[in-house]
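In my numbering, the protein residues as written are 292 to 585.
Cβ atoms here follow ideal geometry from the backbone N, Cα and C, with glycine treated the same way.
Only a predicted model underlies this, so the values are computations on that prediction, with no experimental measurement involved.
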Amino acid sequence: MTHPARLNLIMFATIVGLMVFLYSKPQIQGVQEYPISSAVMEDVQTVRIIRQQKEMILKRLDHRWYLIKPVQAQADEEKIKEILKILTATSDQRFPATDLGRFGLDRPGVQLYFDDEYVGFGGFAPVTQQQYVMTNDLVYLVAPRYVLALPLSASDLINPRLLASNEIPMRLELSHLSVEFKNGNWNSIIQDSGQTLDTKTIEHWVHLWQTAYARELTFEQQLSDDLVEVGDIKISLKNEQKIVLRILQSETEVVFLRADGGIGYHFPVDAGRQLLDPYAIKLSQAVSQWSTKS
292 MTHPARLNLI
302 MFATIVGLMV
312 FLYSKPQIQG
322 VQEYPISSAV
332 MEDVQTVRII
342 RQQKEMILKR
352 LDHRWYLIKP
362 VQAQADEEKI
372 KEILKILTAT
382 SDQRFPATDL
392 GRFGLDRPGV
402 QLYFDDEYVG
412 FGGFAPVTQQ
422 QYVMTNDLVY
432 LVAPRYVLAL
442 PLSASDLINP
452 RLLASNEIPM
462 RLELSHLSVE
472 FKNGNWNSII
482 QDSGQTLDTK
492 TIEHWVHLWQ
502 TAYARELTFE
512 QQLSDDLVEV
522 GDIKISLKNE
532 QKIVLRILQS
542 ETEVVFLRAD
552 GGIGYHFPVD
562 AGRQLLDPYA
572 IKLSQAVSQW
582 STKS
């Protein structure tokens, strides 16, 4: 066998041997991840949050989330999704649920109940800044973002939309104006003059009510003393239910206080005036057009 042939044979044997070694070499396993819960987000029907001895309860009804304690209101769906994400969390460490004081779990800062499943939030690991949570008789370390998704107060859970998506108005009554959807059309009566509004203005105004989002929410007992009550508005819905909103005003804002939940929806004064008066919409549009032309 010639010298080049021997070199080729040695090279071939070396390559084959290397391939066999790589193929048969045990694979290094990644860090094991432990799911902290087996619950499925979509199956949860009730969420209970206890924070600073205050309790908040959410319930899923007809595929929508509602706050039922301490007040009743439609919940902010996106915020509830963020809360439920703790059920999908994993941890690379878990410990027996003993000597809970060292984890800050003897007195959890926040307690969660997803139906019957309990999750308690404790202290933070000094090196990783992950948080200790306890569920199903085990303690895990998870990212701090899960506790940041939890509300500080019940008002943080409420949908800031003035009328919920399933609250479809069919009649709106103010002291000076009534509009009603009847026989496929919107009709109006201006109380003082007996005049009517054009259909386009009414439709724009009703749409404004259906899409209005408050900049801030407060409970009735938290409302400022600067607010003065100036009347109310009664709204009849497609499902035959009725909503009564008390109207409160100050120099800087208009607040609509829902009688059914005691929740105040705050709007800047200009936005509030447009909700109270369809002509304010037309005036705003006229000013905007004039400013554009100028």
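Grab me the residues of residue i's own chain with a C-beta within less than 6 Å of its C-beta, minus the 5 sequence neighbours each way, in chain order.
{"i": "ARG564", "result": "ALA571"}
{"i": "GLU507", "result": "HIS557"}
{"i": "MET347", "result": "ILE340 and ALA445"}
{"i": "GLY555", "result": "THR509, LEU514, VAL546 and LEU548"}
{"i": "SER527", "result": "MET461, ARG462 and LYS533"}
{"i": "GLU373", "result": "ALA440"}
Taking the C-alpha atoms as reference points, what is the distance between residue i and residue j?
{"i": "LEU567", "j": "ALA364", "result": "23 Å"}
{"i": "SER588", "j": "ILE534", "result": "There is no way to answer for residue 588, as the model of the chain reaches only from 292 to 585."}
{"i": "SER515", "j": "PHE386", "result": "49 Å"}
{"i": "GLN323", "j": "PRO361", "result": "41 Å"}
{"i": "GLU464", "j": "ALA550", "result": "15 Å"}
{"i": "HIS354", "j": "GLY552", "result": "21 Å"}
{"i": "TRP581", "j": "LYS491", "result": "Unreliable placement is indicated for TRP581, whose pLDDT of 45 sits below 50; no coordinate value is reported for it."}
{"i": "SER456", "j": "LEU352", "result": "14 Å"}
{"i": "PHE415", "j": "LEU403", "result": "18 Å"}
{"i": "ILE493", "j": "ALA445", "result": "35 Å"}
{"i": "ASN476", "j": "PRO460", "result": "13 Å"}
{"i": "GLU511", "j": "VAL424", "result": "35 Å"}
{"i": "ASP523", "j": "THR502", "result": "19 Å"}
{"i": "LEU378", "j": "ASP397", "result": "21 Å"}
{"i": "THR543", "j": "VAL560", "result": "5 Å"}
{"i": "ALA586", "j": "GLU408", "result": "Residue 586 lies beyond the stretch modelled for the chain, which goes from 292 to 585, so this question has no answer here."}
{"i": "PRO517", "j": "GLN336", "result": "Note on residue identity: the sequence assigns Asp, not Pro, to residue 517. Those two C-alpha atoms are separated by around 40 Å."}
{"i": "LEU454", "j": "VAL401", "result": "31 Å"}
{"i": "LEU473", "j": "ALA505", "result": "Going by the sequence as given, residue 473 is Lys instead of Leu. Their Cα atoms are separated by approximately 29 Å."}
{"i": "SER469", "j": "ASN427", "result": "57 Å"}
{"i": "GLY383", "j": "GLN421", "result": "Going by the sequence as given, residue 383 is Asp instead of Gly. Using only the alpha carbons, I get a separation of about 11 Å."}
{"i": "ASN478", "j": "LYS529", "result": "16 Å"}
{"i": "TRP500", "j": "LEU375", "result": "30 Å"}
{"i": "GLU471", "j": "GLU369", "result": "33 Å"}
{"i": "LEU391", "j": "GLU458", "result": "47 Å"}
Which same chain residues, not among the five before or five after residue i, have their C-beta less than 7 Å away from its C-beta?
{"i": "ALA380", "result": "ILE327, VAL433 and TYR437"}
{"i": "GLN343", "result": "none"}
{"i": "GLY591", "result": "Within the shown structure, residues of the chain are numbered from 292 to 585, placing residue 591 beyond reach of any answer."}
{"i": "ALA562", "result": "none"}
Since residue i is in the beta strand (DSSP E), which residue starts that stretch and which ends it?
{"i": "GLN540", "result": "533-540"}
{"i": "THR426", "result": "422-426"}
{"i": "GLN402", "result": "401-405"}
{"i": "LEU463", "result": "460-464"}
{"i": "ARG564", "result": "First-last for ARG564: 560-567, but that is the alpha helix (DSSP H), not the beta strand (DSSP E)."}
{"i": "VAL470", "result": "468-473"}
{"i": "ARG549", "result": "544-549"}
{"i": "ASN478", "result": "476-481"}
Looking only at its own chain, which residues have a Cβ that is under 8 Å from the Cβ of residue i, when we skip the five neighbours before and after it?
{"i": "THR419", "result": "LEU432"}
{"i": "ILE371", "result": "VAL338, LEU349, TRP356 and LEU448"}
{"i": "VAL592", "result": "Outside the modelled stretch of the chain, which goes from 292 to 585, sits residue 592, for which no answer is possible."}
{"i": "ILE319", "result": "In this predicted model, ILE319 has a pLDDT of only 41, less than 50, meaning its place in the structure is not dependable enough to derive any value."}
{"i": "PHE394", "result": "PHE386, GLY413, GLY414, TYR423, MET425 and VAL430"}
{"i": "VAL331", "result": "LEU378"}
Taking buried to mean at least 16 other C-beta atoms within 10 Å of its own C-beta, is residue i buried or exposed?
{"i": "VAL545", "result": "buried"}
{"i": "THR389", "result": "exposed"}
{"i": "GLY413", "result": "buried"}
{"i": "PRO399", "result": "buried"}
{"i": "ASN450", "result": "buried"}
{"i": "LEU358", "result": "buried"}
{"i": "LEU536", "result": "buried"}
{"i": "LEU443", "result": "exposed"}
{"i": "VAL519", "result": "exposed"}
{"i": "TYR314", "result": "At TYR314, the pLDDT of 41 sits below 50, so the modelled position is not reliable and the matter cannot be decided from this model."}
{"i": "SER329", "result": "exposed"}
{"i": "LEU441", "result": "buried"}
{"i": "LEU439", "result": "exposed"}
Provide the residue span of the alpha helix (DSSP H) that contains residue i, from first to last.
{"i": "TYR437", "result": "436-439"}
{"i": "HIS495", "result": "490-501"}
{"i": "ASP523", "result": "Per DSSP, ASP523 belongs to no alpha helix (DSSP H); it is in the beta strand (DSSP E), 519-528."}
Output the residue ranges of the alpha helix (DSSP H) runs that lie fully inside the segment 343-419 and measure 4 residues or longer, sorted by chain position.
Taking 4 residues as the shortest admissible run, the segment 343-419 contains the following complete alpha helix (DSSP H) segments, listed from N- to C-terminal end: 368-375.
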